[in-house]
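Have a look at the structure below, then the notes.
Residue numbers (the UniProt record's numbering): 1 to 158.
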């Protein structure tokens with residue numbers, strides 16, 4: 001595979017990822033508005049109160065729900081594209097063919113969706129599991145997240 005082909009494949013993935021993200025933002029916004037509506041209807045017992053002990057587990061569960069929603073939307077987007085185009089929208093316009101690694105023939109439906117599922121699960125999982133891991137560490141043991149530099153030692157220059 002040439003370098004140009006690798007860049008085209010990577011670009012197609014980023015474009016497909018962005019298209020799926022646009023659709024996911026609509027549903028994620030709906031989830032947020034639903035939670036806000038529930039919290040506003042019950043101001044004393046609200047669903048999410050930042051002073052509550054249950055706030056972090058609820059927010060972590062919400063993050064996992066959003067990741068699963070995004071994976072589902074991404075696969076749904078690919079299902080629609082595969083059904084009508086036989087490929088994803090970005091690959092179709094960039095003329096990138098998806099072939100089997102073994103025999104070089106076009107992929108069947110099952111293999112295509114398995115590849116897309118692994119791709120998006122690994123991509124989202126690496127980003128999403130860090131947030132889940134750091135939140136669980138903070139909740140259970142009080143450890144600050146690794147990306148939080150406010151707790152690190154600072155050297156002041158005189």
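Where a beta carbon is used, it is the ideal one built from N, C-alpha and C, also for glycine.
Task: Residue environment, residue 70, which counts as buried when at least 16 other CB atoms sit within 10 Å - done: Counting from 1 along the chain shown, the entry for residue 70 is found at position 70. When all chains shown are included, residue 70 counts as buried.
Task: Residues that residue 171 bridges to, as DSSP identifies them - done: Outside the displayed span of the chain (1 to 158) sits residue 171, for which this structure offers no information.
TODO: Look at the alpha carbon of residue 28 and the alpha carbon of residue 105, and state the distance between them as a whole number of angstroms.
DONE: Stepping through the chain shown from its first residue, residue 28 is reached at position 28. Stepping through the chain shown from its first residue, residue 105 is reached at position 105. About 38 Å.
- [ ] Taking the CB atoms as reference points, tell me whether residue 131 and residue 88 lie closer together than 8 Å.
- [x] Indexing the chain shown from 1 puts residue 131 at position 131. Indexing the chain shown from 1 puts residue 88 at position 88. For residue 131 and residue 88, no; Cβs fall outside 8 Å.
TODO: Go ahead and pull the three-state DSSP assignment for residue 78.
DONE: Here residue 78 is taken as the residue at index 78 of the chain shown, counted from 1. Of the three classes helix, strand and coil, the one that applies to residue 78 here is helix, per DSSP.
TODO: Return the first residue and the last residue of the alpha helix (DSSP H) that residue 16 is part of.
DONE: On the chain shown, position 16 is the one that residue 16 refers to. Membership of residue 16 in the alpha helix (DSSP H) is indicated by the continuous run 3-41.
Task: Where the alpha helix (DSSP H) containing residue 90 begins and where it ends - done: Along the chain shown, read from residue 1 onward, the residue named residue 90 stands at position 90. Going by DSSP, residue 90 is part of the alpha helix (DSSP H) stretching over 89-94.
TODO: Just tell me which of 10, 139 and 101 has its CA closest to the CA of residue 119.
DONE: Within the chain shown, numbered from 1, the residue matching residue 119 stands at position 119. Across the set 10, 139 and 101, the C-alpha of 10 shows the shortest separation from the C-alpha of residue 119.
Task: C-alpha gap between residue 67 and residue 2, whole angstroms - done: In the chain shown, the residue the question calls residue 67 occupies position 67. In the chain shown, the residue the question calls residue 2 occupies position 2. One Cα belongs to residue 67, the other to residue 2, and the distance between them is close to 33 Å.
Task: Beta-carbon gap between residue 94 and residue 21 smaller than 8 Å - done: Start at 1 with the first residue of the chain shown, and residue 94 comes out as number 94. Start at 1 with the first residue of the chain shown, and residue 21 comes out as number 21. Against a cut-off of 8 Å, the Cβ pair of residue 21 and residue 94 comes out as no contact.
Open item on the list: Measuring only the C-alpha atoms, how far is residue 55 from residue 129?
Closed with: Your numbering for residue 55 matches position 55 in the chain shown. Your numbering for residue 129 matches position 129 in the chain shown. About 18 Å.
Task: Backbone CA spacing between residue 41 and residue 32 [nearest angstrom] - done: Within the chain shown, the letter at position 41 stands for residue 41. Within the chain shown, the letter at position 32 stands for residue 32. Near 14 Å, if we compare the C-alpha coordinates of residue 32 and residue 41.
- [ ] In angstroms with no decimal places, state the Cα-to-Cα distance between residue 78 and residue 110.
- [x] Position 78 of the chain shown holds residue 78. Position 110 of the chain shown holds residue 110. Between residue 78 and residue 110, the C-alpha separation is close to 12 Å.
Task: Three-state class that DSSP yields for residue 154 in the structure shown - done: Position 154 of the chain shown holds residue 154. Low confidence applies to residue 154: its pLDDT is 48, below 50, so where it sits in the model is not reliable enough to give any reading.
TODO: Give me the Cα-Cα distance between residue 90 and residue 103, rounded to the nearest whole angstrom.
DONE: Your numbering for residue 90 matches position 90 in the chain shown. Your numbering for residue 103 matches position 103 in the chain shown. Straight through space, the alpha carbons of residue 103 and residue 90 are spaced by roughly 24 Å.
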